[in-house]
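Numbered by UniProt numbering, the letters in the sequence shown go through residues 1 to 154 in order.
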Amino acid sequence: FLREETFEYFLSEFFLGKRAIYGGWFQYNQAFIREAKARKDQIIMLQYETVKNNTLKELKRLAEFLEVKIADPLLKEIAEKCQFDNLKTADKSVRNDEALFKIMRAVSLNEHPTIYRKGEIGDWKNYFTVAMSEAFDKTNADNMDDIGLEFEFE
């Protein structure tokens with residue numbers, strides 16, 4: 001946030017673990033996924049792509065995990081309110097006085113930072129070159145194949 005860097009720099013230096021102080025993304029997620037699998041009664045794993053593609057199904061799964069009974073009409077209302085465009089609109093209406101926004105503005109180069117971007121599955125293609133994608137795929141295969149976590153890239 002404090003200085004402008006290229007996405008390629010971020011990917012190679014931090015995401016792929018070359019300069020990550022506490023280990024790279026892969027090391028963090030390996031540890032987290034192992035713990036999540038060991039504590040299935042305490043941790044639910046949701047992926048953005050799956051939630052976006054199957055919102056109602058994933059909300060039902062979340063409600064079951066939380067042991068909360070929710071009628072279908074309310075689940076549908078929650079799903080509607082959780083659609084990306086609705087969340088982005090709600091963010092704009094409340095963030096001027098929120099502590100998170102003040103922190104984001106303090107550490108960001110952007111005067112109007114947001115945690116919401118496009119909300120599209122597959123937008124990574126607009127940032128990764130072919131070489132970057134190949135480097136990610138190789139590092140992912142080297143580090144995550146034994147974890148058993150499947151990614152939806154599209």
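We treat Cβ as the ideally placed atom computed from N, Cα and C, and that holds for glycine.
Which runs of the alpha helix (DSSP H) fall wholly inside the region 9 to 79 and span at least 4 residues, in chain order? 25 to 38, 48 to 53 and 55 to 65
Between which two residues does the alpha helix (DSSP H) holding N143 run? V130 to M144
Using a 10 Å radius around the Cβ and a threshold of 16 neighbouring Cβ atoms, would you call G148 buried or exposed? exposed
Beta-carbon proximity of L46 to L62, cut-off 8 Å: yes
Beta-carbon proximity of D91 to Y116, cut-off 8 Å: yes
Would you grab the beta carbon distance between G119 and F84 for me? Rounded to a whole angstrom, and I think it's under 8 Å. 3 Å
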